[in-house]
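Below: one structure, written as C-alpha cells.
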Amino acid sequence: MSLAEKFEWPRPDYSRVPYRLYHDKDIFTQEMDKVFRGDCWLFLGLEAEVKNPGDFRTTYLGDTPVIYNRGPDGKVHAFVNRCAHRGATVRREPFGNAKDHTCIYHRWNYDLEGNLQGVPFQRGVHGKGGLSPDFDKGDHGLRKLRVESYHGILFATFSDKVQRLVDYLGPNHAHHLKRLMHKPIKVLGYMRQHIYGNWKFYNENLRDLYHGVLLHEFQTTFAIARMTQQGGSKLDPRHRHNLSWGIEGTDSDEDAAKAYKEARVRDGQLTLKDDSFLGFRQEFPDRISISICSVFPNACFQQIRNSLATRHIRPKSVDDFELYWTIFGYEDDTPEMIRHRILQSNMIGPAGLISLEDGEAVEIVHRATHRETDTATVVEIGGRGPIVGTEIDSLCIDIPCRGFWSYYSELMGIEADGGIR
Ligand SMILES: [Fe+2]
Numbered sequence: 000m001s002l003a004e005k006f007e008w009p010r011p012d013y014s015r016v017p018y019r020l021y022h023d024k025d026i027f028t029q030e031m032d033k034v035f036r037g038d039c040w041l042f043l044g045l046e047a048e049v050k051n052p053g054d055f056r057t058t059y060l061g062d063t064p065v066i067y068n069r070g071p072d073g074k075v076h077a078f079v080n081r082c083a084h085r086g087a088t089v090r091r092e093p094f095g096n097a098k099d100h101t102c103i104y105h106r107w108n109y110d111l112e113g114n115l116q117g118v119p120f121q122r123g124v125h126g127k128g129g130l131s132p133d134f135d136k137g138d139h140g141l142r143k144l145r146v147e148s149y150h151g152i153l154f155a156t157f158s159d160k161v162q163r164l165v166d167y168l169g170p171n172h173a174h175h176l177k178r179l180m181h182k183p184i185k186v187l188g189y190m191r192q193h194i195y196g197n198w199k200f201y202n203e204n205l206r207d208l209y210h211g212v213l214l215h216e217f218q219t220t221f222a223i224a225r226m227t228q229q230g231g232s233k234l235d236p237r238h239r240h241n242l243s244w245g246i247e248g249t250d251s252d253e254d255a256a257k258a259y260k261e262a263r264v265r266d267g268q269l270t271l272k273d274d275s276f277l278g279f280r281q282e283f284p285d286r287i288s289i290s291i292c293s294v295f296p297n298a299c300f301q302q303i304r305n306s307l308a309t310r311h312i313r314p315k316s317v318d319d320f321e322l323y324w325t326i327f328g329y330e331d332d333t334p335e336m337i338r339h340r341i342l343q344s345n346m347i348g349p350a351g352l353i354s355l356e357d358g359e360a361v362e363i364v365h366r367a368t369h370r371e372t373d374t375a376t377v378v379e380i381g382g383r384g385p386i387v388g389t390e391i392d393s394l395c396i397d398i399p400c401r402g403f404w405s406y407y408s409e410l411m412g413i414e415a416d417g418g419i420r
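Here it is as C-alpha cells:
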C-alpha cells in the first residue's frame, strides 16, 4: 500500500508533523525515490573543487553514490557511481584527477562523461567467451544526471521535468547565493559529522530560527545571533527553501539581557579568555552578519560572521545521516583572513559549539520519538495557517518548517486536503 493511501495530516497547515514520518523505514525508501530522484535540484558540490579537466569527486545524492568530474570539454558531468555491469562502486576515492574511471571488480572502463569505453576480453579468448557481437556499449554507460551551475555552485537532478535551476531557487535564494559567490572562491577544507537522527529533523533545524537564538547560548552571549537583533526569514515562492538572516550590532547587550531575563532563559554565562577569533570583518554591503540558507532537500549555505561553508545532508538510513561541510574563502583572501575564517569555522563545526549542539538536538529528538506512532510535533511559533508572502520580519518563528513539509508532501503524494503551499 502506498503512503498516500494510509496517511492523513492532522492539520492542513503542516503545524503538526506525525513522528511516524521520521521513523518509518518504508517512508525512507519512498523518499529516496520521490524526493531525491524526484522533481528537485540537489546540491552536488562546488565548481572550485573540480577546476581542471579530470578532477573528480565522489559524493551521495540521497543514498545514491555519485561521481562528478570536469570533462575534457570543460563541462562538469555527474553520473551514478555504480558499474553498469554488476553494480560495484566504480570510484572509491573521495577525490582525485583521472583520465577515466575503471571499476575494480571486472575493470570495465568509463570516460569522463560516464560512457562505457572498455570491457576486458570483450571478444573472449581464442574465439570463446566474451560478449555477443551485438552488445552495444552505448547502452551500458553509468547513469547520467543533469547538472547546472549557479555562480559556481553545482546542482544535479535525476528529473527531466524539474523547472530551471534559477526558478527552482526563487529570487531570494538566487540573490543570496550570487552574493555569497560574488568573486572566485577557494576551498579551505572539509568537516564531516555523523548524526544519529533522521535527515528531516536536520532540515527543520535549518528552518527553525527560534532555536538559533535559544539552543546556541554561545551565539546569544557573544551577540552573533539573538532574538533582539534585526533579522528574519526569506523564502522562495513555494516556501520550500529558507534563508535565516541577522545583522549584528542592531541591538544592545542591555536590550538582549532584559529580553532573555523576561523570557526566563539562561544567557550570558559563558566567557572567553581569548575572544580575538570572534571578530566580524564586514565583507558584504548588506551588513548581514549571519545567514543560514537552506535549499530543499539537501543543502545549506552558511555565513556565520566570516565563516563560509556549504553543508551537504547525506541520508544514510532512516536513523542517520552525514553532514558534509566544505569550508571556503575567496581567492584574494590574505593569509591572515584565511586563518581567521578557519578559526571561526572550527568554532561552529562539529568539534566546536554550534553544530555540536544541533547534532545533539537532532539526536535527543530522534531517540525520544522513535516509538511514537500516534503523536506529532507542534510547529506554530510565528503563527498557524497559510504562509503569507516570502519575507518574515522576526527571528521568533519556525514557519519555514511548515513550508518544507508542504513541498515534501507534494513530492511524496501526501498533500493535506486544502494544504498550504
Ligand atoms: Fe542550530
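In numbering that gives the first Met the number 0, the protein residues as written are 0 to 420.
Glycine included, each C-beta is placed from N, C-alpha and C at the ideal position.
Quantities reported herein were computed from a predicted structural model and do not represent experimental measurements.
Non-local C-beta neighbours of Arg239 in its own chain, meaning closer than 7 Å and more than five positions away in sequence, comprise Phe295, Gly402, Phe403, Tyr406, ordered along the chain.
When secondary structure is reduced to three states using DSSP, Gly86 falls in the coil class, being assigned neither helix nor strand.
The stretch 183-255 contains, as complete beta strand (DSSP E) runs of 3+ residues, the segments 184-194, 229-234, 241-246 (chain order). Within 8 Å of the C-beta of Leu271 there is not a single heavy atom belonging to ligand 1.
Ile246 and Leu43 have their C-alpha atoms roughly 29 Å apart. For Ala415, the three-state secondary structure derived from DSSP is coil. Comparing alpha carbon positions, the residue from Ser288, Leu214, Ala262 closest to Gln302 is Ser288. Sixteen is the threshold: since fewer than 16 other Cβ atoms of the shown chains lie within 10 Å of the Cβ of Ile363, the residue is exposed. Under the three-state reduction of DSSP output, Arg19 falls in the helix class.
His139 and Asn80 have their C-alpha atoms some 13 Å from each other. The C-beta distance from Gly151 to Glu46 rounds to 4 Å, short enough to fall under 8 Å.
For Asp166, the enclosing alpha helix (DSSP H) starts and ends at 164-179. A distance criterion of 8 Å places the beta-carbon of Asp357 in contact range of ligand 1, judged by its closest non-hydrogen atom. Gly348 is not a Cβ neighbour of Ile194, given a cutoff of 9 Å. Distances taken from the Cβ of Ile341 to the heavy atoms of ligand 1 include none shorter than 8 Å. Taken atom to atom, the span from the alpha-carbon of Val377 to that of Ser14 is near 6 Å. Residue environment: Leu168 is assigned as buried (16 or more neighbouring CB atoms within 10 Å of its CB, all protein chains considered). Boundaries of the beta strand (DSSP E) around Asp54: 54-60. In the structure shown, Gly117 falls within a strand segment according to DSSP collapsed to helix, strand and coil. In the DSSP assignment, Leu153 falls within the unbroken beta strand (DSSP E) covering 152-156. Among the bridge pairs identified by DSSP, Trp324 is matched with Met190, Arg310. With distances taken between CA atoms, Tyr259 lies nearest to Cys395 out of Gly230, Gly113, Cys395, Arg90. Taking 9 Å as the cut-off, the Cβ atoms of Leu115 and Ala298 do not count as close. Remark: the C-beta of Gly211 is in contact range of ligand 1, defined as less than 8 Å to any heavy atom.
With distances taken between CA atoms, Cys292 lies nearest to Pro399 out of Val186, Gly196, Leu342, Pro399.
For Thr63, the uninterrupted beta strand (DSSP E) run begins and ends at 63-69, by DSSP. Under the 8 Å Cβ criterion, the stretch 22-31 counts as touching the stretch 57-72, having at least three qualifying pairs. In the displayed model, Val146 falls within a strand according to three-state DSSP. Residue state for Val79 is assigned as strand, using DSSP reduced to three classes.
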